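Top to bottom, those sequences are chains S and Z.
Counting from 2, one number per residue, gives the positions in the first sequence under this note's numbering.
Counting from 416, one number per residue, gives the positions in the second sequence under this note's numbering.
Where is the CB? At the ideal position from N, CA and C, for every residue including glycine.
This one's a predicted model, so the numbers in the text were calculated from it and none came from an experiment.
So the structure is just underneath, and the comments pick up after that.
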Amino acid sequence: MSMNRRQFLRLAGVSTVLGIGVPAVLNSVGGKMLEATQTRPDPRSLTAKRWGFVVDVSKLKTPEDYQKCIDACHNIHNVPDFGNPKDEVKWIWKDNYERTFPTATEDEYMNKEMKEKNFLLFCNHCEQPACVRVCPTKATYKRKDGIVMQDMHRCIGCRFCMAACPFGARSFNYRDPRPFIKKENKQFPTRMIGVVEKCTMCYERLAVGQLPACVEASNGAIAFGDLSDPNSEVRKVIASTYTIRRKPELGTQPSIYYVIGGKE
Amino acid sequence: MLEKALVGSKRYWLWIGALLVVIGIGVLQYLRQFTYGLGITGLSRDVSWGLYIGQFTFLVGVAASAVMLVIPYYLHDFKKFGKIVILGEFLAVSAVIMCILFIFCDMGQPMRIMNVILHPTPNSVMLWDSVVLAGYLALNIVIGWTTLGADRKGVHPPQWVKPLIYLSVPWAVSIHTVTAFLYAGIPGRHFWLTAVMAARFLASAFAGGPALLIILSLIVRKVTKFDPGYEPIQALGKIVTYAMFANVFLLGLEFFTAFYSNIPGHISPFTYLYSGIEGHEKLVPIMWTSSILAVVSLFLLVFPGFRRNENLLAVACASLFISLWIDKGFGLVIGGFVPNMFEGITEYWPTAPEAMITMGVWAIGFLVLTVLYKVAVSVREEGGFHE
Chain S
2 MSMNRRQFLR
12 LAGVSTVLGI
22 GVPAVLNSVG
32 GKMLEATQTR
42 PDPRSLTAKR
52 WGFVVDVSKL
62 KTPEDYQKCI
72 DACHNIHNVP
82 DFGNPKDEVK
92 WIWKDNYERT
102 FPTATEDEYM
112 NKEMKEKNFL
122 LFCNHCEQPA
132 CVRVCPTKAT
142 YKRKDGIVMQ
152 DMHRCIGCRF
162 CMAACPFGAR
172 SFNYRDPRPF
182 IKKENKQFPT
192 RMIGVVEKCT
202 MCYERLAVGQ
212 LPACVEASNG
222 AIAFGDLSDP
232 NSEVRKVIAS
242 TYTIRRKPEL
252 GTQPSIYYVI
262 GGKE
Chain Z
416 MLEKALVGSK
426 RYWLWIGALL
436 VVIGIGVLQY
446 LRQFTYGLGI
456 TGLSRDVSWG
466 LYIGQFTFLV
476 GVAASAVMLV
486 IPYYLHDFKK
496 FGKIVILGEF
506 LAVSAVIMCI
516 LFIFCDMGQP
526 MRIMNVILHP
536 TPNSVMLWDS
546 VVLAGYLALN
556 IVIGWTTLGA
566 DRKGVHPPQW
576 VKPLIYLSVP
586 WAVSIHTVTA
596 FLYAGIPGRH
606 FWLTAVMAAR
616 FLASAFAGGP
626 ALLIILSLIV
636 RKVTKFDPGY
646 EPIQALGKIV
656 TYAMFANVFL
666 LGLEFFTAFY
676 SNIPGHISPF
686 TYLYSGIEGH
696 EKLVPIMWTS
706 SILAVVSLFL
716 LVFPGFRRNE
726 NLLAVACASL
736 FISLWIDKGF
746 GLVIGGFVPN
756 MFEGITEYWP
766 TAPEAMITMG
776 VWAIGFLVLT
786 VLYKVAVSVR
796 EEGGFHE
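Written as structure tokens, this is what we have:
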């Protein structure tokens with residue numbers, strides 16, 4: 002078989018692409034991928050089938066009560082403070098009733114106290130998370146214990162998850178966050194430019210037997226436990242009190258329940 | 416054949432030079448964005464997609480519109496499109512390249528782009544969008560180059576191209592459907608959560624893309640010796656007219672559902688876009704510009720007497736193109752983010768660097784288009800065409 006130079010180059014090109022490309026694709030699709038596991042979990046670690054929160058806002062009385070929870074989280078997680086809403090990064094924050102439950106609003110006769118009541122908002126760690134469904138790289142994924150995790154090293158910064166999250170729980174590093182961290186906690190990683198971040202339910206604290214930072218700082222206003230366990234504290238509160246969740250009509254099954262309380 | 420793009424008149428090189436200047440400015444601004452981050456744009460926590468993603472969405476439509484030439488020519492044997500099908504295919508190539516570049520510009524961590532392939536995630540629409548876009552780009556390059564090469568030699572295109580051409584028809588529909596699914600499957604964004612989103616996308620694509628093609632054909636006739644012909648342009652004009660009516664009809668359906676149902680979440684994005692909410696009305700002037708241009712274009716297109724006048728047809732197509740560019744390349748994306756998930760209002764407007772990067776990408780698209788059209792037109796000028 003004879004071939005001219007053009008045919009030879011074409012053949013060489015095609016075989017190079019196939020030779021390098023096909024094994025690479027087969028390896029990643031069909032091959033056995035390693036799963037990161039610990040050889041032995043820390044005996045102190047807290048475990049559950051589905052972690053959840055009950056936030057009793059009647060127990061959060063002063064602005065300081067809210068701020069303590071917010072600071073506890075933001076300080077240990079190296080959340081930057083840019084000082085402007087455009088670049089803002091936040092994991093937990095407070096907002097009023099209308100903005101927390103926008104689909105339940107439009108009630109001009111609602112009592113004033115409730116209208117002005119503030120709520121603590123953070124990632125709902127949904128049972129059916131829309132953010133996980135849309136992420137093109139599995140940078141955000143749901144753990145077996147219900148935590149919706151965020152891998153800031155894999156995130157490509159496409160912000161599809163921010164479009165998809167109905168709760169506005171996600172922030173993007175529009176700028177380099179490191180100069181805007183007040184006091185760096187060396188125990189927790191900082192982030193780089195161009196990745197999405199959010200509340201990760203203090204997975205690093207659960208792993209060593211500590212409660213999430215906001216729960217610890219809330220002075221009993223935030224209950225934390227296993228939603229799949231009928232005897233857990235959270236389930237007992239949900240069973241005995243009227244609770245609401247944000248935007249339940251969207252079917253994402255949020256894992257944060259709110260007790261509005263009021264006058265009892 | 417590429418060598419034909421290396422010889423040209425002074426005017427040709429001036430145009431190339433001008434494009435390179437705009438590209439250069441865009442690249443410099445992109446380098447600034449690369450170091451500073453996307454904070455250099457007007458994007459925020461509340462409006463996290465903007466001009467880049469809007470342009471991407473719009474250009475997917477332009478790319479898909481090549482099928483409006485392929486179907487009549489290859490499936491219905493409408494011979495008059497024979498000479499200009501190549502213009503549609505090459506337009507698709509440059510549009511898809513711009514789409515890919517806009518996605519790249521919008522990424523927070525562009526160096527990690529291969530993660531989409533290294534960690535393929537079938538439940539993410541974005542994976543499928545990248546698959547269909549890459550496939551569509553390959554199809555149009557192969558089909559366009561092969562058929563043009565055959566034309567140059569005055570022979571029939573090889574048989575193996577035919578199945579690829581037929582494949583490109585559903586493939587074109589798929590790129591815009593999948594792109595619509597990026598939006599239409601998201602819970603909680605009322606403006607996007609509509610079953611007619613993909614249909615709207617296709618209708619606006621089949622109006623906007625061929626409208627651009629008409630303008631390009633008229634330019635080609637003016638600056639080269641190749642005449643795409645009066646009749647093919649008129650046939651395209653009819654396609655544009657039907658598609659634009661379908662598009663406006665579908666938009667009307669959105670208005671009806673939102674306002675007759677009276678559900679606040681469905682109404683508020685429309686209110687924001689067309690009349691503003693509580694003094695936030697940055698988009699109101701451009702959305703009305705879009706609406707008025709749409710009416711103007713339909714008025715000129717619907718009466719055959721106007722449409723047959725190529726000058727009026729050009730005005731109609733330009734109005735239509737700008738109208739859709741605003742509506743789909745901007746309003747559609749921003750309307751999904753305003754009001755935000757808390758029914759609050761954060762407005763968005765592109766910054767100067769963002770606009771320059773956007774123009775840079777368009778300039779790259781035009782450069783690719785110019786080179787490809789130069790090759791195609793040179794082949795046609797030499798009389799190369801085989802029925």
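Amino acids of chain S, ordered along the chain, whose beta-carbon sits closer than 7 Å to that of tyrosine 451 (chain Z): As a working note, residue 451 (chain Z) is residue 36 in the second sequence. Simply Arg176.
So, with DSSP's three-state summary, where would you put serine 172 (chain S)? Locating residue 172 (chain S) in the first sequence gives position 171, where the first residue counts as 1. It is a strand residue.
Would you say methionine 4 (chain S) faces chain Z, with C-beta separation under 8 Å as the test? Numbered from 1 along the first sequence, position 3 holds the residue referred to as residue 4 (chain S). Taking Cβ atoms only, chain Z never reaches closer than 8 Å to methionine 4 (chain S), which makes this a no.
Three-state secondary structure (DSSP) of histidine 534 (chain Z): Along the second sequence, read from residue 1 onward, the residue named residue 534 (chain Z) stands at position 119. Three-state DSSP puts histidine 534 (chain Z) in coil, outside helix and strand.
I'd like to know whether the C-beta atoms of proline 167 (chain S) and methionine 612 (chain Z) end up nearer to each other than 8 Å. Your numbering for residue 167 (chain S) matches position 166 in the first sequence. Your numbering for residue 612 (chain Z) matches position 197 in the second sequence. Remark: C-beta atoms of proline 167 (chain S) and methionine 612 (chain Z) do not approach each other more closely than 8 Å.
Please tell me whether isoleucine 245 (chain S) has its Cβ less than 8 Å away from any Cβ of chain Z. As a first step, residue 245 (chain S) must be located in the first sequence, where it is residue number 244. No - not a single Cβ of chain Z is within 8 Å of the one on isoleucine 245 (chain S).
Excluding five sequence neighbours on each side, which residues of the same chain lie with their C-beta closer than 7 Å to the C-beta of histidine 605 (chain Z)? Taking the first residue of the second sequence as position 1, residue 605 (chain Z) is located at position 190. Only Gly680, His681, Pro684 meet the Cβ criterion.
Please report whether the beta-carbon of glycine 195 (chain S) lies at a distance below 8 Å from any beta-carbon of chain Z. Within the first sequence, numbered from 1, the residue matching residue 195 (chain S) stands at position 194. Closer than 8 Å to some Cβ of chain Z, the Cβ of glycine 195 (chain S) qualifies, so yes.
Near phenylalanine 496 (chain Z), what residues of its chain come up, given a Cβ to Cβ distance below 8 Å and the 5 sequence neighbours on each side ignored? Translated into positions along the second sequence, residue 496 (chain Z) becomes position 81. If we look at phenylalanine 496 (chain Z) and ignore the five residues flanking it on each side, its Cβ neighbours are Leu484, Pro487, Tyr488, Pro647, Ala650.
Going by DSSP in three states, methionine 115 (chain S) sits in which element: helix, strand or coil? On the first sequence, position 114 is the one that residue 115 (chain S) refers to. Looking at methionine 115 (chain S) - three-state DSSP - the assignment turns out to be helix.
Member of Z:Tyr467, Z:Gly523, Z:Gly569 whose CA lies at the smallest distance from the CA of phenylalanine 449 (chain Z): Within the second sequence, residue 449 (chain Z) is the residue found at index 34, counting from 1. Taking the Cα of phenylalanine 449 (chain Z) as reference, the smallest distance to any Cα among Z:Tyr467, Z:Gly523, Z:Gly569 is reached at Z:Gly523.
Check the Cβ-Cβ distances between arginine 604 (chain Z) and every residue of chain S, and say whether any is below 8 Å. Locating residue 604 (chain Z) in the second sequence gives position 189, where the first residue counts as 1. True, the Cβ-Cβ gap to chain S drops below 8 Å.
Measure the C-alpha to C-alpha separation of phenylalanine 747 (chain Z) and alanine 614 (chain Z) and round it to an integer number of angstroms. Position 332 of the second sequence holds residue 747 (chain Z). Position 199 of the second sequence holds residue 614 (chain Z). Reading off the sequence, residue 747 (chain Z) comes out as leucine, not phenylalanine. Approximately 14 Å, taken between the alpha carbons.
Using DSSP's beta-bridge definition, name the partner residues of leucine 122 (chain S). Along the first sequence, one-based indexing puts residue 122 (chain S) at 121. Looking at the DSSP assignment, leucine 122 (chain S) forms a beta bridge with S:Trp94.
Ignore the nearest five residues each way along the sequence and tell me which others in threonine 639 (chain Z)'s own chain have a CB closer than 6 Å to its CB. Start at 1 with the first residue of the second sequence, and residue 639 (chain Z) comes out as number 224. Val792.
For a contact defined as C-beta to C-beta under 8 Å, what are the partners of threonine 536 (chain Z) on chain S? As a first step, residue 536 (chain Z) is located in the second sequence; it is residue number 121 there, counting from the start. Ordered by position in chain S, the residues that pass the 8 Å Cβ test against threonine 536 (chain Z) are Cys136, Pro137, Thr138, Lys139.
Run through DSSP, which three-state label would phenylalanine 606 (chain Z) get? For the purposes of this step, residue 606 (chain Z) is taken as the residue at position 191 of the second sequence. Phenylalanine 606 (chain Z) sits in coil when the DSSP states are folded into three classes, being neither helix nor strand.
Glycine 432 (chain Z) in three-state terms, based on DSSP: Locating residue 432 (chain Z) in the second sequence gives position 17, counting from the first residue. Judged by DSSP in its simplified three-state form, glycine 432 (chain Z) adopts helix.
Of the choices S:Ser16, S:Thr138, S:Thr101, whose alpha-carbon is the least far from that of proline 249 (chain S)? Counting from one through the first sequence, the residue named residue 249 (chain S) turns up at place 248. The option with the nearest alpha carbon to proline 249 (chain S) is S:Thr101.
Close-in-space but distant-in-sequence residues of the same chain around valine 209 (chain S) (CB under 8 Å, 5 per side omitted): Numbered from 1 along the first sequence, position 208 holds the residue referred to as residue 209 (chain S). Same-chain partners within the cutoff: Asp43, Arg45, Ser46.
Residues of chain A with CB under 7 Å from glutamine 524 (chain Z), in chain order? Absent here is chain A; the protein component of the structure consists of chains S and Z.
Just list the beta strand (DSSP E) runs in the stretch 618 to 648 of chain Z, keeping only unbroken ones of 3 residues or longer that don't cross its boundaries, in chain order. The stretch 618 to 648 of chain Z contains no whole beta strand (DSSP E) run of 3 or more residues.
Spell out whether any CB of chain S is found under 8 Å from the CB atom of phenylalanine 757 (chain Z). Translated into the one-based positions of the second sequence, residue 757 (chain Z) becomes position 342. Judged by the 8 Å Cβ criterion, phenylalanine 757 (chain Z) is in contact with chain S.
Which two residues bound the contiguous beta strand (DSSP E) that contains glutamine 151 (chain S)? In the first sequence, residue 151 (chain S) corresponds to position 150, counting from 1. Taken as a continuous stretch (DSSP letters only), the beta strand (DSSP E) holding glutamine 151 (chain S) covers 149 to 151.
Boundaries (first-last residue) of the alpha helix (DSSP H) holding tryptophan 764 (chain Z): Position 349 of the second sequence, counting from 1, holds the residue named residue 764 (chain Z). It is not in any alpha helix (DSSP H) - tryptophan 764 (chain Z) carries neither H nor E in the DSSP assignment.
N-terminal and C-terminal residue of the alpha helix (DSSP H) that alanine 140 (chain S) is part of: In the first sequence, residue 140 (chain S) corresponds to position 139, counting from 1. It is not in any alpha helix (DSSP H) - alanine 140 (chain S) carries neither H nor E in the DSSP assignment.
What does leucine 554 (chain Z) reach in chain S if we use C-beta pairs closer than 8 Å? As a first step, residue 554 (chain Z) is located in the second sequence; it is residue number 139 there, counting from the start. Within chain S, no residue comes near leucine 554 (chain Z); the closest Cβ sits about 17 Å away, beyond 8 Å.
Are leucine 502 (chain Z) and leucine 628 (chain Z) closer than 8 Å when you measure CB to CB? Locating residue 502 (chain Z) in the second sequence gives position 87, counting from the first residue. Locating residue 628 (chain Z) in the second sequence gives position 213, counting from the first residue. Against a cut-off of 8 Å, the Cβ pair of leucine 628 (chain Z) and leucine 502 (chain Z) comes out as a contact.
Alanine 214 (chain S): buried (16+ other C-beta within 10 angstroms of its C-beta) or exposed? Numbered from 1 along the first sequence, position 213 holds the residue referred to as residue 214 (chain S). So alanine 214 (chain S) ends up on the buried side.
For isoleucine 678 (chain Z), does the count of other Cβ atoms within 10 angstroms reach 16, so buried, or fall short, so exposed? Here residue 678 (chain Z) corresponds to residue number 263 of the second sequence, with the count starting at 1. With fewer than 16 other Cβ atoms within 10 Å, it is exposed.
Below 8 Å on the Cβ atoms is my contact criterion, and I expect arginine 192 (chain S) with glutamate 198 (chain S) to pass it. Report the Cβ-Cβ distance as a whole number of Å. As a working note, residue 192 (chain S) is residue 191 in the first sequence. As a working note, residue 198 (chain S) is residue 197 in the first sequence. Rounded, the Cβ-Cβ distance is 6 Å, consistent with contact.
Where glycine 441 (chain Z) falls: helix, strand or coil (DSSP): What you label residue 441 (chain Z) is simply residue 26 of the second sequence in a count that begins at 1. Of the three classes helix, strand and coil, the one that applies to glycine 441 (chain Z) here is helix, per DSSP.
Quick one: what's got a C-beta closer than 6 Å to threonine 656 (chain Z)'s C-beta in the same chain, skipping five residues either side? In the second sequence, the residue the question calls residue 656 (chain Z) occupies position 241. These residues qualify, in order along the chain: Leu716.
Mapping the DSSP letters down to three states, classify valine 783 (chain Z) as helix, strand or coil. For the purposes of this step, residue 783 (chain Z) is taken as residue 368 along the second sequence, with counting starting at 1. Valine 783 (chain Z) falls in the helix class under three-state DSSP.
Can you tell which of Z:Val482, Z:Phe493, Z:Asp521 has its C-alpha closest to the C-alpha of phenylalanine 505 (chain Z)? Residue 505 (chain Z) sits at position 90 when you count from the first residue of the second sequence. When only C-alpha atoms are compared, the closest one is Z:Val482.
Pull up the distance between the alpha-carbon of valine 584 (chain Z) and that of alanine 222 (chain S), whole angstroms please. Reading the second sequence from its first residue, position 169 is the one you call residue 584 (chain Z). Reading the first sequence from its first residue, position 221 is the one you call residue 222 (chain S). Between valine 584 (chain Z) and alanine 222 (chain S), the C-alpha separation is close to 59 Å.
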